[in-house]
Amino acid sequence: MKKSRRDTLDMTKGSPAEVLLAFAVPVILSNLFQQLYNMIDSLIVGNCLGADALAAVGSAGAVTAVIVQLASGLALGASVVIAQYFGAGKKREIRTCMTTILLFAAAVGVLVTLAAQLSAGPILRLIQTPMEIMEDSIGYLTVYFWGSAAIFLYNAENAVFIAVGDSRTPLYLLILASVLNVAGDLFFIIVCSMGVRGGALATTLAQTACTALSTVALERKMRRLGMGKSEHIFDRTEFMRMMRIAVPAALQQSVVSLGNVCVQTVTNSFGPAVMAGCSAAGRAVNLVSTVPINWGNALSNFVGQNMGAGKPERIRDGVRASLLVTGGISLVLVLLMEWIPEAMIGWFVEGDEAAEVIRVGASYLRVNGLFLVVFSAYMVIKSVFKGAGDMNWFICLTLGSLGIRVLCTFLLAPVFGEAVLWWSVAAGWCVSVVPTVLHYLGGSWKKQNLIE
Numbered sequence: 018m019k020k021s022r023r024d025t026l027d028m029t030k031g032s033p034a035e036v037l038l039a040f041a042v043p044v045i046l047s048n049l050f051q052q053l054y055n056m057i058d059s060l061i062v063g064n065c066l067g068a069d070a071l072a073a074v075g076s077a078g079a080v081t082a083v084i085v086q087l088a089s090g091l092a093l094g095a096s097v098v099i100a101q102y103f104g105a106g107k108k109r110e111i112r113t114c115m116t117t118i119l120l121f122a123a124a125v126g127v128l129v130t131l132a133a134q135l136s137a138g139p140i141l142r143l144i145q146t147p148m149e150i151m152e153d154s155i156g157y158l159t160v161y162f163w164g165s166a167a168i169f170l171y172n173a174e175n176a177v178f179i180a181v182g183d184s185r186t187p188l189y190l191l192i193l194a195s196v197l198n199v200a201g202d203l204f205f206i207i208v209c210s211m212g213v214r215g216g217a218l219a220t221t222l223a224q225t226a227c228t229a230l231s232t233v234a235l236e237r238k239m240r241r242l243g244m245g246k247s248e249h250i251f252d253r254t255e256f257m258r259m260m261r262i263a264v265p266a267a268l269q270q271s272v273v274s275l276g277n278v279c280v281q282t283v284t285n286s287f288g289p290a291v292m293a294g295c296s297a298a299g300r301a302v303n304l305v306s307t308v309p310i311n312w313g314n315a316l317s318n319f320v321g322q323n324m325g326a327g328k329p330e331r332i333r334d335g336v337r338a339s340l341l342v343t344g345g346i347s348l349v350l351v352l353l354m355e356w357i358p359e360a361m362i363g364w365f366v367e368g369d370e371a372a373e374v375i376r377v378g379a380s381y382l383r384v385n386g387l388f389l390v391v392f393s394a395y396m397v398i399k400s401v402f403k404g405a406g407d408m409n410w411f412i413c414l415t416l417g418s419l420g421i422r423v424l425c426t427f428l429l430a431p432v433f434g435e436a437v438l439w440w441s442v443a444a445g446w447c448v449s450v451v452p453t454v455l456h457y458l459g460g461s462w463k464k465q466n467l468i469e
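Here the working numbering = 1-based position in the sequence shown + 17.
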């Protein structure tokens with residue numbers, strides 16, 4: 018394993034299991050802290066402001082996820098291309114890709130901020146947000162989207178760090194953001210009595226501070242790696258190369274989030290208690306899904322570097338190690354979801370409405386816990402296609418899983434009731450894992466090459 022003095026991993030050498038472990042653990046911890054401060058938002062809102070406020074944040078969260086996924090998808094193009102350039106040892110191209118994607122991300126972020134201020138109300142009415150929580154939902158959305166430029170920039174910068182093998186700097190930045198977010202929640206919600214707007218403001222300020230520090234740290238990283246100023250701050254050729262991955266990925270992730278908005282529309286029809294229960298359970302599921310999702314993201318960069326270095330033979334060993342680790346951890350997490358789901362949901366809410374919210378959330382967790390190992394295998398294997406640049410399959414598999422969930426929810430929930438909301442999630446995982454495994458075993462993904 019080759020490692021620089023600045024914690025930059027060359028994953029084209031050494032034991033695949035060892036380099037993946039060293040790289041994946043900070044990636045997982047980074048997302049864990051991100052999920053943690055999202056969860057703390059819900060804990061403080063639910064306990065200090067009540068179930069209606071938690072439902073408002075949940076309804077708004079379905080919309081904010083669209084923008085976050087759009088930012089993540091655009092950054093993905095940079096991550097895959099830069100990882101392959103890093104494996105090939107092409108420093109000049111890495112620097113050019115970095116400046117190009119950062120300029121583009123900043124511009125998109127500003128446009129999103131302007132658009133979101135005008136459209137928050139119509140969007141929430143479109144997804145049938147109940148009138149009793151409409152004001153809080155609009156307030157949360159408008160304040161949250163003040164930080165759109167920071168969201169897009171941070172995702173792009175994080176993609177560059179990860180692509181060049183540095184998973185520790187994003188971890189340190191997110192730990193800081195988590196601390197700032199918790200402090201901001203307590204100050205703006207409890208001390209300043211700003212309601213749900215206070216929670217949104219805390220998240221926005223924490224994200225902005227994290228992005229500013231990330232910009233400084235990334236520039237220092239590039240200089241230490243011998244990547245000085247680029248000849249072209251914005252390069253059309255590299256931009257188009259990254260957009261080959263970024264545009265379909267961003268559209269796919271936005272469609273996924275829009276699909277979730279559609280699901281939220283059905284969820285809203287069951288009333289605030291079901292909305293709050295699903296919102297709390299969704300936060301908990303996101304938390305326990307951290308390991309397979311983020312190990313898969315680490316594996317994607319492992320695949321990208323080895324594809325760029327012309328070493329696809331190392332990838333199968335990395336996949337085997339990834340399946341063993343994520344499968345084992347998922348089995349442990351299943352026990353928590355099956356044994357203490359009421360306690361997990363009970364963290365998020367108290368008061369007269371708590372019993373119904375806990376019942377809904379616990380049912381959601383028990384069902385999804387049964388299929389968490391299937392989800393782990395699906396996410397790990399699918400991530401190989403992303404790292405290789407085989408985006409057609411990656412996107413089709415993701416949209417297929419979503420499509421099953423949306424169809425089940427719209428067609429069956431009105432007939433069979435709220436339980437369909439969580440059974441449809443498991444159905445999407447189980448059906449999609451089959452073609453995922455078959456395509457991986459077929460091996461055609463090895464023929465992809467983005468940087469030639």
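C-beta: ideal position from N, C-alpha, C; glycine also.
Predicted model only: the values in this text are computed from it and were never measured.
Query: Going by alpha carbons, who is nearest to V74 out of G459, P265 and G212?; Result: G212
Query: What does the alpha-carbon distance come out to for the pair L37 and I111?; Result: 22 Å
Query: Taking the alpha helix (DSSP H) that I375 falls in, what are its first and last residues?; Result: A371 to G386
Query: DSSP state of L158, grouped into three classes?; Result: helix
Query: Can you give me the Cβ contacts of T453 inside the same chain, cut-off strictly under 7 Å, excluding the 5 residues immediately before and after it?; Result: Y395, I398, K399 and L414
Query: Use the C-beta contact count for Q134: other C-beta atoms within 10 angstroms, 16 or more gives buried, fewer gives exposed.; Result: exposed
Query: Apply the 10 Å Cβ neighbour rule to I207 and answer buried if 16 or more other Cβ atoms are within range, or exposed otherwise.; Result: exposed
Query: Rounded to whole angstroms, what is the Cα-Cα separation between R258 and M115?; Result: 13 Å
Query: Among S347, L193 and G406, which has the Cα closest to the Cα of Y102?; Result: G406
Query: Between E236 and E174, what straight-line distance do the alpha-carbon atoms span, to the nearest angstrom?; Result: 10 Å
Query: What runs of the alpha helix (DSSP H), each 4 residues or longer, lie entirely inside the segment 264–291?; Result: none
Query: Whole angstroms is fine: what's the gap from K403's alpha carbon to S339's?; Result: 15 Å
Query: From which residue to which residue does the alpha helix (DSSP H) around G344 run?; Result: E330 to W356
Query: Under the three-state reduction of DSSP, which class applies to C209: helix, strand or coil?; Result: coil
Query: Which two residues bound the contiguous alpha helix (DSSP H) that contains D202?; Result: R185 to D202
Query: Taking the straight line between their C-alpha atoms, what separation do you get for R109 and M244?; Result: 7 Å
Query: With 16 other CB atoms within 10 Å as the buried threshold, where does N409 fall?; Result: exposed
Query: Below 8 Å, can you find three or more Cβ-Cβ pairs linking the segment 28–43 to the segment 330–339?; Result: yes
Query: Which of the three DSSP states is assigned to L242 in this structure?; Result: coil
Query: Quick check: what's the CA-CA separation for R300 versus C209?; Result: 26 Å
Query: As a quick exercise: from A219, A77 and T186, pick the residue whose alpha carbon is nearest that of L141.; Result: A77
Query: In this structure, how does DSSP classify A88 when only helix, strand and coil are distinguished?; Result: helix
Query: Taking C-alpha atoms, which residue in L424, V308, G434 and C447 lies nearest to L387?; Result: C447
Query: If you count every other CB in all the chains shown that lies within 10 Å of the CB of T254, and 16 or more means buried, which is it?; Result: exposed
Query: Residue range of the alpha helix (DSSP H) that T453 falls in?; Result: V437 to G459
Query: Measuring alpha carbon to alpha carbon, tell me which residue in G420, G325, I346 and E373 is nearest V305.; Result: I346
Query: Tell me, please, whether the segment 282–301 touches the segment 55–73 by the rule of three or more beta-carbon pairs shorter than 8 Å.; Result: yes
Query: Would you mind sorting M28 into buried or exposed? The rule is 16 or more other CB atoms within 10 Å of its CB.; Result: buried
Query: Rounded to the nearest angstrom, what separates L429 and V437 at their Cα positions?; Result: 7 Å
Query: When you compare only the Cα positions, how much space is there between V401 and F205?; Result: 42 Å
Query: Hey, how far is the Cα of V390 from the Cα of A371?; Result: 30 Å
Query: Which residue comes first and which comes last in the alpha helix (DSSP H) that contains T415?; Result: M408 to F433
Query: In the DSSP assignment, the alpha helix (DSSP H) including W312 goes from what residue to what residue?; Result: T307 to G325
Query: Please report how far the alpha carbon of L350 lies from the alpha carbon of G420, in whole angstroms.; Result: 26 Å
Query: Judging by CA-CA distance, which residue of L119, V129 and R261 is the nearest neighbour of K233?; Result: Looking at the sequence provided, one finds Val at residue 233 rather than Lys. Out of L119, V129 and R261, L119 has the C-alpha closest to the C-alpha of V233.
Query: Looking at the unbroken alpha helix (DSSP H) that takes in Q465, where does it start and where does it end?; Result: Here Q465 belongs to no alpha helix (DSSP H), and DSSP marks it neither H nor E.
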